[in-house]
Amino acid sequence: MYNTSGKVKDTKLKTIKERFLIMEANWKEFEIGPAKKGKMHVTLCRKGNIMVGAAAFDRLGRPDAAVLLYDEEMKLIGLRPAHPQTPNAFPMQGMKCGRHRVVRANRFCRHHGLNVERMMAFINPKIDGAMLILDMNEI
């Protein structure tokens with residue numbers, strides 16, 4: 015581009031250093047840090063998939079399938095290990111990369127009116143006996 019004097023304008027973006035000098039940064043350190051090794055991680059996405067992390071899958075006994083339960087009053091989801099041939103058992107599908115498992119629970123979520131707008135991580139998933147318990151109040 016040309017300005018009125020006929021000289022070429024510099025249309026390139028300023029370097030990071032130049033942009034940093036222009037604006038003031040207000041950095042805040044992330045104090046939580048990475049997840050602790052062995053901590054159970056379970057999420058529910060808006061499509062109704064329950065992602066069970068490797069630690070939770072191991073503590074559940076590495077089942078091939080699970081029966082899904084729901085306590086409407088307390089808003090708890092339960093995953094109880096089951097034989098894959100159990101009629102109402104959902105497969106715990108392994109992914110190509112990683113050790114986590116996915117339970118495609120869209121039908122379960124629709125049936126119980128569990129509407130999730132974005133991926134939600136359960137704060138404190140628990141194992142009680144042979145069941146993984148997920149508290150919808152602690153997302």
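First residue of the sequence shown? That's 15 in my numbering, and the numbers climb one at a time after it. Ideal Cβ positions, reconstructed from N, Cα and C, are used throughout, including at glycine. Computed from a predicted model, the values in this text were never measured in an experiment.
With respect to the 8 Å criterion, G92 and I46 are not classified as neighbours on the basis of their beta carbons. The Cβ atoms of V117 and R60 lie no closer than 8 Å to each other. Residue range 120-125 is occupied by the alpha helix (DSSP H) that includes R121, with no beta strand (DSSP E) assigned at that position.
Taking F122 as reference, the option from A80, K51, F44 with the minimal CA-CA separation is A80. Between I141 and the set A68, F44, L74, the nearest pair of CA atoms involves L74.
For the pair W41 and F104, the Cα-to-Cα distance works out to about 45 Å. With respect to the 8 Å criterion, P98 and D78 are classified as neighbours on the basis of their beta carbons. Boundaries of the alpha helix (DSSP H) harbouring D72: 68-73, taken from the DSSP string.
In the three-state DSSP reduction, T57 falls in the strand class (E or B). In the three-state reduction of the DSSP assignment, P95 falls in the strand class, which pools E and B.
In the structure shown, A49 falls within a coil segment according to DSSP collapsed to helix, strand and coil.
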